[in-house]
Structures are given as structure tokens and as C-alpha cells.
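Participant: Would you mind keeping the following structure in view while I ask a few things?
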Amino acid sequence: MRLLTLFLFILLTFSSVANDDFDKGKTAYKNNNYAEAITLFKLAAEQGNAGAQSYLGFMYTKGRGVTQDYQQAVVWYRKAAEQGNAGHQYSLAIMYEKGKGVAQDFIQAIEWHTKAAEQGNARSQYHLALIYYNGKGIAQDYKQAFKWYSKAAEDGNAGVQYSLGLMYEKGQGVAQDYKQALGWYTKAAEQGDENAKRNLGLIYADGKEITQVQK
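Note that my numbering has the sequence shown beginning at 101, numbered continuously upward.
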């Protein structure tokens, strides 16, 4: 019992120190003191702080306070992602998707995007939709693309809403539904999306689809 208590005390102490280093690192980063931020983030990251690990990944990606190094970025993004945070998983997925610091691997990108997307990360939901829609590194799958566009569109991004409207209009991965297409195009157009405005104009000019909606 004493050993367990001692272990928990040590664990909590290290966690507290790591969190303190992380907070100080964020302050240094906000003040553009990147060299100090790197030092503090490394102290926290080496003690398992996922936020610090992700910050290091970002700083190595951008070359802030260090020489740009995509491979090191991947190392730190992976450590953070393996702790289950959706945002960190998205960052690692992007590295695989773009082939930065690792060989381009859409299967790995899908795996990590899916982990993040299932936790509600709209950016990963959008990237999954794009990968499946365009068949990047895998067979084209409109049903999966529709699934993820539908989820991502709930976040309110106009471009995603336009893409979902397009799938409804064309009947890709879902039964053709002009009413739904108009609804999503309208949401996107109200946010200024030019593609959605154009498609709305074409639909209203043609009139055929409007007639089908009114039936």
C-alpha cells in the first residue's frame, strides 16, 4: 500500500511539473520566444504531456525555434496522437496524407483521420470525405464520402455544405434529392460560397429540379 501511495505521489508530481512546463512554454510561444518555448515543451513532452508533444510537432513543421524537420514533427505528432486526442490525430494524419516526414500513405492517413473523425473532428471528417470522393490511394467510394461530408457539414463550413449539396444533386453515394441539394447549396451560398451560388442559379434557371422539389 505504501509503495502504491508513493508511486501515485511521484506520478502526480511529474504530471504537475510537466503541466507547469507546458503552460510556461505556451506563454513563451505567444511572446514569440520560440527557443525558450522549445526547451520548455521538450521538458513537458518527455514527461508525456500530449499538448507539448503536439506543439513540438507544429514547431518542427513550421521551423519555429528549430530547423524545419518533418521527420521530427512526425515523431512528436505520433506521441501526441497515440494518447487519443482528436486534434493530434488529425495532425499526424495530414503528415501521412501529404507525405511530409514519412512516405505518403493514404491507408495510414485514413486510419488516423478516422480515429479523429469518430471523435467529431470536422477537419478529419472533411479530409476523409475528400479521400473517398477522389479515390486517393484507395478505391473511390461515394457512400463513404457522403457519410463524412454529412458529418463535416454539421460544423457549418460553406465549402463542405456545397460538396454535400453536389452529392445530393448528382445522386452520388445517396439517392438523388434536389430538395436536399437546394437546402445545402442555400446554406453554403448564404455564407458567400461562389460555387453554391452558381449551382443555385443554374437550378433555378433550369426550373426542372424546382418542379421536382415542389411535387
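Just so it is clear, CB atoms sit at the ideal spot from N, CA and C, and this is done for glycine as well.
All figures in this text were calculated on a predicted structure; none of them were measured in a lab.
Please go through the segment 234–261 and give each complete alpha helix (DSSP H) segment of 4 or more residues, from N-terminal end onward.
Facilitator: Those alpha helix (DSSP H) runs which fall completely within the segment 234–261 and span 4+ residues are 242–253.
Participant: Could you tell me the boundaries of the alpha helix (DSSP H) in which Asn-299 lies?
Facilitator: Within the sequence shown, residue 299 is the residue found at index 199, counting from 1. Per DSSP, Asn-299 belongs to the alpha helix (DSSP H) from 294–306.
Participant: Tell me which residue opens and which closes the alpha helix (DSSP H) that Glu-218 is part of.
Facilitator: Within the sequence shown, the letter at position 118 stands for residue 218. Note, Glu-218: premise wrong, no alpha helix (DSSP H); not H, not E.
Participant: Spell out a yes or no on whether the segment 124–140 and the segment 169–180 are touching, meaning 3 or more CB-CB pairs, one atom from each, closer than 8 angstroms.
Facilitator: With the cut-off at 8 angstroms, the segment 124–140 and the segment 169–180 do not touch.
Participant: If you compare alpha carbons, which of Gln-261, Lys-297 and Ala-150 is closest to Gln-280?
Facilitator: The residue you call residue 280 lines up with position 180 of the sequence shown. When each option's Cα is compared against that of Gln-280, the closest is Gln-261.
Participant: Reducing DSSP to helix, strand and coil, say where Arg-164 ends up.
Facilitator: Start at 1 with the first residue of the sequence shown, and residue 164 comes out as number 64. In this structure, Arg-164 counts as coil in the three-state DSSP scheme.
Participant: Determine, using beta carbons only, whether Tyr-155 and Gly-125 come nearer to each other than 8 angstroms.
Facilitator: Within the sequence shown, residue 155 is the residue found at index 55, counting from 1. Within the sequence shown, residue 125 is the residue found at index 25, counting from 1. For Tyr-155 and Gly-125, yes; Cβs fall inside 8 angstroms.
Participant: With DSSP run on the structure shown, which of helix, strand or coil describes Lys-124?
Facilitator: For the purposes of this step, residue 124 is identified with residue 24 of the sequence shown, where counting begins at 1. Here Lys-124 sits in helix by DSSP.
Participant: Taking C-beta to C-beta, are Ala-222 and Asn-185 nearer than 8 angstroms?
Facilitator: Position 122 of the sequence shown holds residue 222. Position 85 of the sequence shown holds residue 185. Not a contact, by the Cβ cut-off of 8 angstroms.
Participant: What's the gap between the Cα of Gly-237 and the Cα of Met-159?
Facilitator: Counted from its first residue, the sequence shown places residue 237 at position 137. Counted from its first residue, the sequence shown places residue 159 at position 59. Rounded to the nearest angstrom, the two C-alpha atoms are 28 angstroms apart.
Participant: How many whole angstroms separate the CB atoms of Ala-216 and Gln-189, which I take to be in contact at a CB cut-off of 8 angstroms?
Facilitator: Translated into the one-based positions of the sequence shown, residue 216 becomes position 116. Translated into the one-based positions of the sequence shown, residue 189 becomes position 89. Indeed they touch by this definition, with Cβ atoms about 4 angstroms apart.
Participant: Going by the CB atoms, is the gap between Ala-209 and Tyr-226 shorter than 8 angstroms?
Facilitator: As a first step, residue 226 must be located in the sequence shown, where it is residue number 126. As a first step, residue 209 must be located in the sequence shown, where it is residue number 109. No, these two residues do not count as a Cβ contact at 8 angstroms.
Participant: Around the C-beta of Thr-127, are 16 or more other C-beta atoms found within 10 angstroms, so that it is buried, or is it exposed?
Facilitator: To locate residue 127, count along the sequence shown from 1; it is residue 27. It counts as exposed.
Participant: Are there three or more Cβ pairs, one per stretch, closer than 8 angstroms when the segment 239–247 is compared with the segment 275–292?
Facilitator: Taking 8 angstroms as the limit for Cβ pairs, the verdict is that the segment 275–292 does not touch the segment 239–247.
Participant: Check each candidate in Met-267, Ile-207, Trp-212 and Asn-131 and name the one with the smallest Cα separation from Gly-187.
Facilitator: Position 87 of the sequence shown, counted from the first residue, corresponds to residue 187. It is Trp-212.
Participant: Using three-state DSSP, classify Lys-130 as helix, strand or coil.
Facilitator: Within the sequence shown, the letter at position 30 stands for residue 130. Here Lys-130 sits in helix by DSSP.
Participant: Please report how far the alpha carbon of Tyr-232 lies from the alpha carbon of Ile-207, in whole angstroms.
Facilitator: For the purposes of this step, residue 232 is taken as the residue at position 132 of the sequence shown. For the purposes of this step, residue 207 is taken as the residue at position 107 of the sequence shown. Near 11 angstroms, if we compare the C-alpha coordinates of Ile-207 and Tyr-232.
Participant: Mapping DSSP to helix, strand and coil, what is Gly-283?
Facilitator: Along the sequence shown, one-based indexing puts residue 283 at 183. Looking at Gly-283 - three-state DSSP - the assignment turns out to be helix.
Participant: Leaving aside the five residues before and after Glu-269 along the sequence, list all residues of the same chain whose C-beta is less than 6 angstroms from its C-beta, in chain order.
Facilitator: Sequence index remark: in the sequence shown, residue 269 carries index 169 (1-based). Taken in chain order, the residues that qualify are Ala-281.
Participant: What does a CB cutoff of less than 6 angstroms around Lys-251 pick up in its chain, not counting 5 residues either side in sequence?
Facilitator: Indexing the sequence shown from 1 puts residue 251 at position 151. Counting only Cβ-Cβ distances below 6 angstroms, and skipping sequence neighbours, we find Gln-225.
Participant: Assign Ala-209 to one of three DSSP states: helix, strand, or coil.
Facilitator: By 1-based counting over the sequence shown, the position of residue 209 is 109. In this structure, Ala-209 counts as helix in the three-state DSSP scheme.
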